[in-house]
Amino acid sequence: MTQPLNPLVTELEPDRILTFRKSLSNYSDLVYLTFGEPGFASPKAVKEATKKAIDDDRSHYGNSQGELALRQAALAYLKDRYQLNYPSIDNLIMTAGVTEGIQAIFKTLLTAGDGLLIPDPAYGSYFAALSLAGGVALPINTAKADFKLTPALVDEVIASATVPVRAILFNYPNNPTGVSYSLAELQALADCFERHDLWVISDEIYAELTYEGHHQSMGKLLPERSIVVNGLSKSHAMTGYRLGLIAGPLALIEEIQKVHGSSVFSLPTFVQDGAVAAFKMDRDELAYMIDGYRERRDFAKKELEELGFEVVSPKGAFYLYAKLPDKVNLDAQDFALDLAKNGGVAIIPGTAFSLFDEAKRYVRLSYAADMATLKAGLARLKKYLAKRKD
Ligand SMILES: Cc1ncc(COP(=O)(O)O)c(C=O)c1O
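Just so you know, we're using the UniProt record's numbering here: the sequence shown kicks off at 1 and counts up by one.
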């Protein structure tokens, strides 16, 4: 066959986390502190509702934008949790996880050569989705400001951009740093986004995993220009259900729906029934997970600091982004490989999340796994560091 393939695909760099995990496949008996995979089972009410839906033959095509009962439950959830007052269920699209939602949004907002601001470090799969949409990443180096996005950093990158800047992809609590923002900080950023006339794609998938105070949504501060993405993967330990949502202004949602409808058509109906049960759960019913993650965060942070890591203050999500102890004479990639080989622990080098040099001294540790796994991993890390001769 001599026909060329689409260079946007053939030249796409494979996902750096998956590539790194592949490079670990030679090592056996590893403790994995790598993925953002909740160490809890999905809630019982969700499982029951899903099983019932299958028994009731809820196995046909559903409403393309999301079943009405699901969008009603999601609308009420967004209002209850984050005071988001969308006028109607037409302001929502239910997606196959945030992952699909982000692709549909990029395809709708961007044409080839358009710039998207991405506070860096960031969740790696944004970059692939952006390349496939033909967009240009304009990374903002938050390492310069304790990993917090500031209006000054945004202004600086926009001032030097050589392509039209259409939007920002803002993720908080952040993967990989766990950084989140006070209302005053968000307000200052919202004013800045407005001043630059940006669309704001606000990835709030970790909103419920906020350990001090409550998450404040960009959708509340900038309802006319925010596209909020959220879902059940992390908050409800439902990564395998693939259930996300997009919420935003009606005219824009109608355009995004064209992309979602043509690529997914509709989500599995029985998954949507399970998701209704999830959205109807009270915050109190899920508190055991949040309390569990908070305890793991506090434990892991203390342990890492005692070992000489400098940990970025984690307000949410379930990751610690930590600077290697000064005495370690390897960059993050080599350190993570050596730790797997000689210490039996898998963590991810910061370079999987960042285009900037600072990341070469950082690693991300996920504390989503259960406490026993976390303890075993940190004990191995301690032993490994004690043996190292830098
Ligand atoms: C910031 C962020 N957004 C989105 C996702 C993917 O979410 P979903 O499972 O809803 O596709 C992840 C998964 O780790 C993430 O860290």
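For each residue, glycine too, the CB sits at the ideal point set by N, CA and C.
| Query | Result |
| --- | --- |
| Could you give the distance in angstroms between the alpha-carbon of Glu48 and the alpha-carbon of Asp282? | 17 Å |
| Hey, how far is the Cα of Gly343 from the Cα of Leu324? | 15 Å |
| For Gly66, is the classification buried or exposed, using 16 other Cβ atoms within 10 angstroms of its Cβ as the cut-off for buried? | buried |
| Hey, quick one: how far does the beta strand (DSSP E) through Ala322 stretch, first residue to last? | Tyr319 to Lys323 |
| Does the beta-carbon distance from Val259 to Gln103 come in below 9 Å? | yes |
| Less than 8 Å between the CB of Lys22 and some heavy atom of ligand 1, yes or no? | no |
| Compute the minimum distance between the beta carbon of Asp370 and the heavy atoms of ligand 2, and state whether it is under 8 Å. | Only ligand 1 can be found as ligands here, which leaves ligand 2 out of the picture. |
| Could you name the residues, in chain order, whose CB is less than 6 Å away from a heavy atom belonging to ligand 1? | Gly36, Gly97, Val98, Thr99, Tyr123, Asn171, Asn175, Asp203, Ile205, Gly231, Ser233, Thr239 and Gly244 |
| Given a cut-off of 9 Å, decide if Gly97 and Leu243 are closer than it, judged by their beta-carbon atoms. | yes |
| Determine the burial state of residue 391: buried for a count of at least 16 other Cβ atoms within 10 Å of its Cβ, exposed for fewer. | Outside the displayed range of the chain (1 to 390) lies residue 391, so it cannot be described from this structure. |
| Going by C-alpha distance, which of Ser354, Asp273, Arg361 and Lys341 is nearest Phe309? | Arg361 |
| Hey, would you say Val328 sits closer than 9 Å to Ile347, going by beta carbons? | no |
| With distances taken between CB atoms, is the gap from Lys351 to Val31 smaller than 9 Å? | Lys is not the amino acid found at residue 351; the sequence shown has Thr there. In this structure, Val31 does not lie closer than 9 Å to Thr351 by Cβ. |
| Between which two residues does the alpha helix (DSSP H) harbouring Gly292 extend? | Ala287 to Glu306 |
| Between the Cα of Lys280 and those of Tyr367, Leu232 and Arg380, spot the shortest distance and give me the residue it belongs to. | Leu232 |
| Can you give me the start and stop residues for the beta strand (DSSP E) that Val9 sits inside? | Looking at the DSSP string, Val9 is not in any beta strand (DSSP E); the run it does join, the alpha helix (DSSP H), is Pro7 to Thr10. |
| Using a 10 Å radius around the Cβ and a threshold of 16 neighbouring Cβ atoms, would you call Gln257 buried or exposed? | buried |
| Do you know whose CA, among Pro223, Tyr206, Ala129 and Gln216, lies nearest Glu194's CA? | Pro223 |
| How many whole angstroms separate the CB atoms of Tyr206 and Ala317, which I take to be in contact at a CB cut-off of 8 Å? | 4 Å |
| Let me check understanding here. Comparing Cα to Cα, which of Glu303, Ser88, Val311 and Thr108 lies closest to Leu381? | Glu303 |
| Closest to Arg58 by CA distance: which of Asp273, Ala247 and Arg225 is it? | Asp273 |
| Mind the definition here: the segment 69-89 touches the segment 99-118 only if three or more C-beta pairs lie below 8 Å; say whether that holds. | no |
| Okay, do the segment 111-120 and the segment 164-174 touch, 3+ Cβ pairs below 8 Å being the bar? | yes |
| Name the DSSP bridge partner or partners of Thr170? | At residue 170 the sequence reads Phe, which differs from the Thr that was named. Ser202, per the DSSP bridge assignment. |
| Rank Thr108, Thr162, Gly178 and Ala76 by C-alpha distance to the C-alpha of Leu320 and give the top, closest one. | Gly178 |
| For Pro38, I'd like the list of residues in its chain whose CB is within less than 6 Å of its CB, leaving aside the five on either flank, ordered along the chain. | Ala237 and Ala368 |
| For the beta strand (DSSP E) holding Tyr362, just list the boundary residues, first then last. | Tyr362 to Ser366 |
| Quick check on Pro43: does DSSP put it in helix, strand or coil? | coil |
| Specify, as a first and last residue, the run of the beta strand (DSSP E) that Thr351 falls within. | No beta strand (DSSP E) contains Thr351, which DSSP labels as neither H nor E. |
| Going by beta-carbon coordinates alone, are Asn85 and Pro249 separated by less than 9 Å? | no |
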